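Sequence positions in the sequence shown follow our numbering and run 1 to 484. All residues carry an ideal CB built from backbone N, CA and C; glycine is no exception. Please read all numbers here as calculations on a predicted model, not as lab measurements.
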Amino acid sequence: MVSRVIPVEPFDLVVFGGTGDLARRKILPGLYLRYLAGQMPPDARVIGAARGDLTDDEFRKTVAEAIEEFVPAARRDAAAIAGFLGRLAYVAIDAKGETGWARLKELIRDDVVQAFYFSVAPALFGDLAERLRLHGIAGPQARIVVEKPFGRDLASARALNATLAQHFTESQIYRIDHYLGKETVQNLMAVRFANILFEPLWKSEYIDHVQITVAETVSVNGRGAYYDKSGAMRDMVQNHMMQLLCLIAMEPPYHFDPDAVRDEKLKVIRALDPVRPEDIVRGQYRAGGDEGSYVEHSENPDSRTESYIALKLNISNWRWKGTPFYLRTGKRLRARESEIAITFKEPPHSIFDDDRGWRENVLVIRLQPDEGMNLKVMIKEPGPGGMRLVQVPLDMSFADALGDAAQDVPDAYERLIMDVIRGNQTLFMRGDEVEAAWAWTDPIIEGWEARGHRPQGYDPGTSGPEDALMLMHRDGRRWREIKA
Ligand code: BG6
């Protein structure tokens, strides 16, 4: 199976923060890979814009280095790299002053798709949006792309939305949550809404509970200053995990259409109950191996920021009342592993004498690594000796099932940037969605700030703090193992 590449329309894409970390690691290598795949039309151009005083050639050199560092050797093709670099230009620009804007205006064409990627601190979003308009650079169809964090609470998110709305309409604003660009995350929708098999059972009547795990092995070393103001709740739960939860819990949209999908996700967020303090466990990693502790990485000796969080959520609607969702995410854990596990209830009555108590079916959707699906079903244990039951996996790795096409999937950023050019907002967050997520998050964070709550320490290489186990044990359930 070979993946199909449909070229997009001609475009001018300006990357503000074009020499910054995200641009180097993800945006520019991602654009090169789309070029390599043949998706970029001959007259598409990418313009880096940042404060530094670089020539076009100096910028090209930084991009060549980024490709060298962040694109796997097998996909580095000298001719393609040269061709891609030929599409690049650079403008030294001052977001808060007048430098560079006239040159940018000269460069931008108004008969192609115009996209402006704000890969800069959110404090500059307003300045950039205003200058793009004031200088007559962004036409009526222009798109702007903004990165997370989109605010740090409801008030700041509202203020950001209001600022952007002065210059751009909602249909021009693309708020990135890169989890939505991951192939397997999109697969959640395919699995749910392209199969009849699961949907009739997809409700509290049949589902005992849902576990969502995003475990990471990395520390926050090198980005402690950002992370210490954020913590796992703002960095991962309010956005990435909330999106996963929405895709699992939402009602079927009437069509795979941006607003239809986002309307349904919004309803889920609005139906979330406030979380009780006893349903939250916060953790902070200790020193271990050859790495320092969280506190050392954050450079704040008294930091109470969490690098791990586990919480139990309830969704108050007809479908989910009575089915808890358990979420956990953390840094420096035993393995990098993201998955969603849906545990079904046991059959109402057993006709077998075998009474070993593991009759529930579990559907596991593995997001990363080794993307795939696994459905645990009961069968008869082979051999004589009566009807003894055993649980076995129906295991499908997407790589095995799809061959090369599964190896070739674009990275989340590649996919999302091409969606911006196509004008498809389905995988981007709408302003009201982000605000609703903050409205749910704020009281949780305010609660522990008011109490001066201290996270519990945990050792690196484990599955997190002890109390997280209790969160499930007390409900007679347990977390799935994070496997090294
Ligand atoms: C980012 C967070 O948004 O997502 C990081 O800021 C986190 O803290 C990262 O490590 C995880 O993304 P991925 O794609 O590696 O799962």
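Exercise. Please confirm if the region 399-413 is in contact with the region 238-258, defined as three or more CB-CB distances below 8 Å between the two stretches.
Key: no
Original post:
Where are the beta strand (DSSP E) runs, 3 residues long or more, that stay fully inside the region 73-154, in chain order?
Top reply: 88-92, 113-118, 143-146
Review point. So, is tryptophan 318 buried or exposed, given that buried needs 16 or more other C-beta atoms within 10 angstroms?
Key: exposed
Cβ shell of methionine 242 (< 7 Å), same chain only, five flanking positions each side left out:
Counting only residues of its own chain and dropping the five nearest sequence neighbours on each side, methionine 242 has a CB closer than 7 Å to the CB of Ile269, Ala437.
For this session: On a CA-only basis, which of Pro122, Pro72, Val120, Arg34 is nearest glycine 83? Give me that one, please.
Result: Answer by Cα proximity: Arg34.
Using the DSSP secondary-structure output, state which residues sit across from arginine 328 in a beta bridge.
Thr213, Ala310
_Taking a contact to mean a Cβ-Cβ separation below 8 Å, would you say leucine 375 touches leucine 389 in this structure?_
no
Tell me whether histidine 135, by its Cβ, gets closer than 7 Å to a heavy atom of the ligand BG6. no
Q) For the ligand BG6, is there a heavy atom less than 7 Å away from the beta-carbon of valine 46? A) no
### Task
Give the secondary structure of glutamine 172 by DSSP, where H, G and I count as helix, E and B as strand, and everything else as coil.
helix
Compute the minimum distance between the beta carbon of methionine 236 and the heavy atoms of the ligand BG6, and state whether it is under 7 Å. yes
Q: Taking the CB atoms as reference points, tell me whether isoleucine 93 and leucine 104 lie closer together than 8 Å.
A: yes
Checklist entry - Sorted by chain position, which residues of the same chain lie with C-beta nearer than 6 Å to alanine 49's C-beta, five sequence neighbours on each side aside? => result Non-local C-beta neighbours of alanine 49 in its own chain, meaning closer than 6 Å and more than five positions away in sequence, comprise Val14, Phe16, Gly18, Val91, Ile93, ordered along the chain.
Would you call the region 423-433 in contact with the region 248-260, where contact means no fewer than 3 C-beta pairs closer than 8 Å?
yes
Check your understanding: By the 10 Å Cβ neighbour count, where 16 or more other Cβ atoms means buried, how is alanine 484 classified, buried or exposed?
Key -> exposed
* Starting from the C-beta of glutamate 183, find all residues in its chain whose C-beta is less than 6 Å away, skip the five residues before and the five after it, and write them out in chain order. => Val409
inquiry  = Please state whether the Cβ-Cβ distance between threonine 441 and methionine 189 is less than 8 Å.
reply    = no
Review point. In the DSSP assignment, what are the bridge partners of phenylalanine 11?
Key: Val113
Any non-hydrogen atom of the ligand BG6 within 7 Å of glutamate 216 CB: The nearest non-hydrogen atom of the ligand BG6 is less than 7 Å from the C-beta of glutamate 216.
Any non-hydrogen atom of the ligand BG6 within 7 Å of lysine 105 CB
Outside the cutoff, so no.
Endpoints, beta strand (DSSP E) assigned at serine 298 = From DSSP, serine 298 is part of no beta strand (DSSP E) but of the alpha helix (DSSP H) over 294-298.
Practice task
Excluding the 5 residues preceding and the 5 following phenylalanine 70 in the sequence, name in chain order all residues of the same chain whose CB lies nearer than 8 Å to its CB.
Solution key: If we look at phenylalanine 70 and ignore the five residues flanking it on each side, its Cβ neighbours are Arg24, Arg25, Lys26, Pro29.
Discussion item. Using a 10 Å radius around the Cβ and a threshold of 16 neighbouring Cβ atoms, would you call leucine 272 buried or exposed?
Written reply: With a threshold of 16 other beta carbon atoms within 10 Å, leucine 272 meets it and is buried.
Can you find a heavy atom of the ligand BG6 that lies under 7 Å from the Cβ of histidine 297? For the ligand BG6, not one heavy atom lies less than 7 Å from the Cβ of histidine 297.
If we call anything under 8 Å between Cβ atoms a contact, is valine 145 one with phenylalanine 118? yes
Item checked: Any non-hydrogen atom of the ligand BG6 within 7 Å of lysine 148 CB -> yes
Beta-carbon proximity list for alanine 129, same chain, < 6 Å, skipping 5 on both sides: Here the set comprises Leu164, His167.
Legend entry - Contacts around threonine 462, its chain only, beta-carbon distance under 8 Å, and the 5 residues preceding and following it disregarded: Leu333, Arg334
Quiz item: Going straight from the alpha carbon of arginine 359 to that of isoleucine 351, what length do you get?
Solution: 12 Å
Less than 8 Å between the beta carbons of glycine 490 and glutamate 170, yes or no? With the chain covering 1 to 484 only, the question about residue 490 has no answer from this structure.
Take glycine 139 and list the residues in its own chain whose beta-carbon comes closer than 8 Å to its own, dropping the five residues that flank it on each side. Asp110, Gln114
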